[in-house]
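Residue numbers (our numbering): 87 to 492.
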């Protein structure tokens, strides 16, 4: 018990650990991350190429690889994001000099050479010893394209697709733990209704096979924030519900609306506490999604996957507005801790979460510029919280004085 003197009176702040009433095990995958072809998250943040003067391991930045190992990253989502539903995986395999270039229509309109593709991503996950979370293209891709990507990644069988993988230098299949069936299909992933997506997801999921001992955790595209109707649409029909293991939820903290999101570093007391208040809202949002899911899945076999979350501020002055580059402060560290603690408290239903994003985009854990790398305050929160991975949740009651603003 810690005491403090406030307004001349002795006040008591008390933390009670309910050790005799342990909760569920906290999934390590709550501490996951997200890497999209956006700005310099991939090119410059993770990948510099084999011929770069920047120290690298087969093209991947050595400093970043080491930082991710130290942070104990459990899973990494790729290639998007909105980018995922414009990405065609065959463009990113084979000799790098022969890969087709593409225009990133969502993020800055830049041309990418596809030098970072399936093999490079899977090599990164092996280097840092984390699980792969691959996001498939349902918005502009075909059922066959998605099904063959899973086969290319995970099958040990003899087939034209697996022979292609072998020709490209990988004889053994990889392990892919998580696979998402589209991203933000209510928006950039196809502008679909929940009902339309539910039917389409069932079709695509039917052809996502479990090959050679690999067991996919299929993630259905869920809603943004408080669209509980979308979640119910996916959950209420057993035929739909049986086609996935988790439902994604996206939630960003945007202080003053999407038109003006405020500065990442120049903020006043109001913006500070409004950021904290909006962060705390995710607790209630998750609880309401849980209540909907409990109606149809009381055994909680289906998980919540919060695979995009974080603070979204204005880009740094002078940077490309499509690159979403923002700085990081102690405000970000505090709000990261708030989120992770809330996810821990919902461990009975929240199975996976992914901060947006890993490097140089939004609430990053790593910032790079040429050969330089900085670990942000958010990075250090993840490193400190890593002890909770696969730990038993122990409820805590906190009794303390409130800070009143306004």
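Every residue gets a Cβ at the ideal spot worked out from N, C-alpha and C, and that includes glycine. Note that this is a predicted model, so its numbers are computed, not measured.
Item to check | Own chain, CB closer than 7 Å to residue 173, minus 5 neighbours either side, in chain order | outcome: 165, 166 and 223.
Checklist entry - Whose CA, out of 131, 102, 106 and 116, lies closest to the CA of residue 461? => result Selected option, being the one with the closest Cα: 131.
Next on the checklist: Is the separation between the beta-carbon of residue 288 and that of residue 329 shorter than 7 Å?
Outcome noted: Yes, these two residues count as a Cβ contact at 7 Å.
Checklist entry - Between the beta-carbon of residue 479 and the beta-carbon of residue 112, is there less than 7 Å? => result In this structure, residue 479 lies near residue 112, with their beta-carbon atoms less than 7 Å apart.
Item to check | Distance cut-off 6 Å: residue 146 Cβ against heavy atoms of the ligand SAH | outcome: Among the components modelled here there is no ligand, and therefore nothing to report on the ligand SAH.
Item to check | Minimum length 4: unbroken alpha helix (DSSP H) runs contained in the region 244-300 | outcome: You should have 246-253 and 280-292.
Item to check | Neighbourhood of residue 477 by C-beta, 8 Å cutoff - its chain only, sequence neighbours within 5 removed | outcome: Cβ within range, chain order: 111 and 112.
Checklist entry - The alpha helix (DSSP H) spanning residue 466 covers which residue range? => result From DSSP, the alpha helix (DSSP H) with residue 466 extends over 463-471.
Item to check | Counterpart residues of residue 111 in DSSP-defined beta bridges | outcome: For residue 111, DSSP records a beta bridge to 478.
Item to check | Within 7 Å, strictly: CB atoms of residue 360 and residue 340 | outcome: Contact flag unset, no.
Next on the checklist: I'd like the span of the alpha helix (DSSP H) that includes residue 382, first residue to last.
Outcome noted: Residues 355-382.
Checklist entry - Can you name the residues that DSSP bridges to residue 119? => result Listed as beta-bridge partners of residue 119 by DSSP are 162 and 441.
Checklist entry - So which of 213, 160 and 260 has the shortest CA-CA distance to residue 239? => result For residue 239, the closest C-alpha among the options 213, 160 and 260 is that of 260.
Checklist entry - Going straight from the alpha carbon of residue 170 to that of residue 198, what length do you get? => result C-alpha separation (whole angstroms): 14 Å.
Checklist entry - Fully enclosed by the region 157-213, which beta strand (DSSP E) runs are 3 residues long or longer? => result Restricting attention to beta strand (DSSP E) runs no shorter than 3 residues, the region 157-213 encloses them at 161-164, ordered along the chain.
Item to check | Unbroken alpha helix (DSSP H) run spanning residue 386, endpoints | outcome: First-last for residue 386: undefined, no H or E at that position.
Next on the checklist: How far does the beta strand (DSSP E) with residue 327 in it extend, from its first residue to its last?
Outcome noted: Where residue 327 is concerned, there is no enclosing beta strand (DSSP E), although the alpha helix (DSSP H) it sits in stretches over 324-327.
Checklist entry - Closest by CA to residue 414, which one among 393, 453, 430 and 439? => result Just measuring C-alpha positions, the residue of 393, 453, 430 and 439 sitting nearest residue 414 is 453.
Checklist entry - What did DSSP end up calling residue 428 once you bin it into helix, strand or coil? => result Three-state DSSP puts residue 428 in a helix.
Checklist entry - Can residue 309 and residue 316 be called in contact, C-beta distance under 7 Å? => result The Cβ atoms of residue 309 and residue 316 lie closer than 7 Å to each other.
Next on the checklist: Determine whether the beta carbon atoms of residue 307 and residue 168 lie at a separation below 7 Å.
Outcome noted: Taking a C-beta distance under 7 Å as the contact criterion, residue 307 and residue 168 do not qualify as a contact pair.
Checklist entry - Can you tell me the Cα-Cα spacing of residue 374 and residue 419, whole angstroms? => result For residue 374 and residue 419, the distance between alpha carbons rounds to 26 Å.
Checklist entry - Skipping 5 residues on each side, what residues in its chain have a beta carbon closer than 7 Å to that of residue 326? => result Excluding positions up to five away in sequence, the list reads 284, 288 and 320.
Item to check | Residue interval of the alpha helix (DSSP H) (run including residue 233) | outcome: Note, residue 233: alpha helix (DSSP H), 229-240.
Checklist entry - If you draw a straight line from the alpha carbon of residue 87 to that of residue 483, how long is it in whole angstroms? => result Summary for residue 87: the model assigns pLDDT 31, below 50, so the residue's position carries little reliability; its value from the coordinates is reported in the next sentence. Rounded to the nearest whole angstrom, the CA to CA distance from residue 87 to residue 483 is 12 Å.
Checklist entry - In terms of residues, what are the limits of the beta strand (DSSP E) holding residue 217? => result Annotation for residue 217: the continuous beta strand (DSSP E) segment containing it runs 217-222.
Item to check | Supposed close pair residue 338, residue 395 - CB separation, criterion 8 Å | outcome: Right, the Cβ-Cβ distance comes to about 7 Å (below 8 Å), so this counts as a contact.
Checklist entry - With burial defined as no fewer than 16 other Cβ atoms inside 10 Å of the residue's Cβ, what is the status of residue 137: buried or exposed? => result Looking at its Cβ environment, which holds fewer than 16 other Cβ atoms inside 10 Å, residue 137 is exposed.
Item to check | Spatial distance of residue 135 from residue 221 (CA atoms) | outcome: When only Cα atoms are considered, residue 135 and residue 221 end up about 23 Å apart.
Next on the checklist: Distance check for residue 417 and residue 255, CA to CA, integer angstroms please.
Outcome noted: Cα to Cα, the separation comes out at about 45 Å.
Next on the checklist: In whole angstroms, give me the CA-to-CA distance for residue 473 and residue 216.
Outcome noted: A direct Cα-Cα distance of roughly 16 Å separates residue 473 from residue 216.
Checklist entry - Looking at the structure shown, is residue 154 part of a helix, part of a strand, or coil, going by DSSP? => result Correct three-state label for residue 154: helix.
Checklist entry - residue 447 and residue 465: beta carbons closer than 7 Å? => result It is not a contact, given that the beta carbons lie outside the stated cut-off.
Next on the checklist: Could you check whether residue 128 and residue 457 sit closer than 7 Å to each other, using their CB atoms as the reference points?
Outcome noted: Contact flag unset, no.
Checklist entry - Out of curiosity, what's the CA-to-CA distance linking residue 449 and residue 400? => result Using only the alpha carbons, I get a separation of about 11 Å.
Checklist entry - Does the Cβ of residue 120 have 16 or more other Cβ atoms within 10 Å, making it buried, or fewer, making it exposed? => result Within 10 angstroms of the beta-carbon of residue 120 lie 16 or more other beta-carbons, which makes it buried.
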